[in-house]
Structures are given as structure tokens and as C-alpha cells.
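K.L.:
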Amino acid sequence: MSVRSDWIWMDGKFVPYDEANIHVLTHTLHYGLGVFEGIRAYQQDDGGGGVFRLKEHLMRLYDSAKMCRIDIPFELDVLHEACLETLRRNNLVEAYIRPLVWLGEGQMGLGARNNQVHVAVAVWPWGAYLGEEGMTKGISVGTSSFARHSVASVLQRAKVVGHYVNSILARYEANDNGFDEAIMLDATGFVAEGTGENVFVIKDGVVKTPSVTNILAGITRRTVIEILNRQGVDVQETLFGRDALYVAHEVFLTGTAAEVTPVRAVDRRAIGGGEPGPITRKVQATYQDALRGRVDWAKHYIARY
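Going by my numbering, the residue at position 98 of the sequence shown is 159; the numbering climbs one at a time, nothing skipped.
1) Going along the chain, which residues of its own chain have a beta-carbon closer than 7 Å to the beta-carbon of Ala189, five neighbours each way excluded?
2) Quick one: Cα of Pro77 to Cα of Thr281, how far?
3) Please confirm if the stretch 225-242 is in contact with the stretch 201-211, defined as three or more CB-CB distances below 8 Å between the two stretches.
4) Once you ignore the five residues that flank Asn176 on each side, which residues in its own chain have a CB closer than 8 Å to its CB?
5) Just list the alpha helix (DSSP H) runs in the stretch 238-300, keeping only unbroken ones of 4 residues or longer that don't cross its boundaries, in chain order.
6) Determine whether the beta carbon atoms of Ala243 and Ala253 lie at a separation below 8 Å.
7) Let me confirm a value: Asp265 is counted as buried when at least 16 other C-beta atoms fall within 10 Å, else exposed. Which label applies?
8) Pair every Cβ in the stretch 323-330 with every Cβ in the stretch 63-76, then say whether three or more of these pairs are closer than 8 Å.
9) Is it right to say Gln217 is buried, meaning 16 or more other beta carbons lie within 10 angstroms of its own, or is it exposed?
10) So, under 8 Å CB-CB, Asn259 and Leu314 are touching, yes? Tell me the CB distance rounded to an integer number of Å.
11) In the DSSP assignment, find the alpha helix (DSSP H) that holds Lys74 and state where it starts and stops.
12) From Ala318 to Leu171, what does the alpha carbon distance come to, in whole angstroms?
13) Buried or exposed for Thr249, please, with buried defined as at least 16 other CB atoms from any protein chain shown within 10 angstroms of its CB.
14) Which value, in whole angstroms, describes the spacing of the CA atoms of Val64 and Ser214?
15) Check for me: the alpha helix (DSSP H) holding Leu352 runs from which residue to which?
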């Protein structure tokens, strides 16, 4: 998957892809203190583009920065337009959008406080994060030996650059063991999340998802809960162990990149009949329609360009 595009927005101006460079002594490159977002744009039925829940993603970016004591040197409205204009400049109507905030070079060490804050927005085409076949037939997942960060150790609600080392190692481990994705447990052994997704389980028509105590409260998670509620299905936000995954009738993952991805097996145990179930399919279809402006109650979530 290539991330190449023609233009990247950096610190208020557009620069060619090959000139969007940083210094080797960039503070965030060494210590991981930076924040980012992952957002998607979709082609609408009239041929134009639309970004789903752009404002909410940018609000979380600013919240993440605040928690990390980073002052973003642009107003939210400026970044909102930067995302849309970067898509326009690159002639993309189906794309992934990556706003990134980082600390530049100047000082080193953990106590550095005066390095310039930089902001960039990059966009690129990105298909199904966990594969097209996974979207239709479901993926296999394995529970990871890497636990989700404890709430006592990290800022759970912040999307911080350095937090994702754990997720990368969990994903490597899962792939090396023959799985498509990993599910991480929390420090006490309860199901937390995937490497970049939230988890939903369904048993006898009852839908459960881990509470936000020890996970990143995903924006797609929020949308899916709204979809289920509007379909007359209550969602229990609660604690459950991996055994709940093994005996579930349906399991699916949610995320901006992963969208709604069905799970067909957990730790080599088939889920349901080993294929996506009816609730998963209905949620997946409604979510895809919402992204493309076909669901009336969700149209206000779309920023057109």
C-alpha cells in the first residue's frame, strides 16, 4: 500500500511529497511525544467527496494534544479546511487522511519544552485495511501476549504516536502466528481492543463491547453503537474475558481504517458458523451507507468537498 500523493500540507502551506521532510533530530522521532488522527473520505453518490465525522476527529486531535501539553499552532477550523483542501489538491474522493502533530528539532532530552510544534496533513488512497476478503468473509484473530497499556500508565483517551509500539508488536506477533489481527487484553485479563480497532461480541442477540475505561473510545465505535440503537438493539458496555469471544455467535471489529470488519475465528475457534452473522452484516451495510450519505440521520456527519 503506497502512501504517495502529490501534495502534503505542512505548517500552513502545501509542499510536494518529496519535499515534506523533517530533521533527523526531531524530538518526536526519538521519544514518541506527538499526536495524530486517522480519518477517511468517501465518494458520495453524486460523484463528489465527503469526509465522515471530520470535526469529531479533529476535536479528538486537539484533546489529545492538550492532554500531552502540546499547543497546536492552528485553529481547528484551519485544520478542517486543510484536510479538505489537501484532498482537493490531490484529486482524491476515496482516501485516508492523516493529520499529525509533532515536536521538531532544537532540544533533546525528556525535559525539552521549547521545540517548535509542527502540523501536517497527508492523504492517500487506502482500501480495506484488513483486506477485501476479510470484509466479506471475516478475519481470523488471536489474543496477544502483549497487554493493552494500563490506564495508570498512559493517557487512554489520547491518540499518541508512542502508544502504538505495543500495537505494532501485537500485530507482528499475530501475523507470525498465522492470524490476520490481534486482540489485546487489559492488565487484568479482560478483552480490551484490537491493535487499532474496538471489539464487539454478540451472543443470543445481546451485543457487548468493552467499556471505555481501558480503551481508546473510537469514533467508529460511537457510530456503530448509534446504528445499533437506531435498529432497536441495546449495546452493553461492560467487562468480559476472552471466553466470551470463544462462545460468541458473532464478533466484529470497528475502526476508521478497519470500518466494520467481521471476525470468523478467534484463537482458531470458529465464531458462529465461521462466517459473518446477520447483525454484523446489517451493521456493516448501514455503516457503509452512512459513509456515503445514504442514511438521512447521518448526513450531518459528512463534510463535503
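Note that CB positions come from ideal geometry on N, CA and C, so glycine has one too. What you are looking at is a predicted structure, and each value in this text was computed from that prediction instead of being measured.
P.N.:
Once the coordinates are examined:
1) Within the same chain, Ala189 has close Cβ partners Gly195, Met196.
2) Each residue's Cα considered, the two are about 31 Å apart.
3) The way I'd put it, the stretch 225-242 does touch the stretch 201-211; three or more beta-carbon pairs between them come closer than 8 Å.
4) The answer, listed in chain order, is His88, Leu164, Gly165, Glu166, Gly167, Gln168.
5) Fully enclosed alpha helix (DSSP H) runs of no fewer than 4 residues occupy 280-291 of the stretch 238-300, in order along the chain.
6) In this structure, Ala253 does not lie closer than 8 Å to Ala243 by Cβ.
7) In the assembly as shown, Asp265 is an exposed residue. Its beta-carbon has fewer than 16 other beta-carbons within 10 Å.
8) By the Cβ criterion, the stretch 323-330 is not in contact with the stretch 63-76, since fewer than three pairs of Cβ atoms, one from each stretch, lie closer than 8 Å.
9) With 16 or more Cβ atoms within 10 Å of its Cβ, Gln217 is classed as buried.
10) The Cβ separation is near 7 Å, so the contact holds.
11) DSSP places Lys74 outside any alpha helix (DSSP H); the residue lies instead in the beta strand (DSSP E), whose first and last residues are 74-77.
12) The alpha-carbon atoms of Ala318 and Leu171 are separated by roughly 32 Å.
13) Exposed.
14) Straight-line Cα distance between these residues: approximately 32 Å.
15) Per DSSP, Leu352 belongs to the alpha helix (DSSP H) from 339-352.
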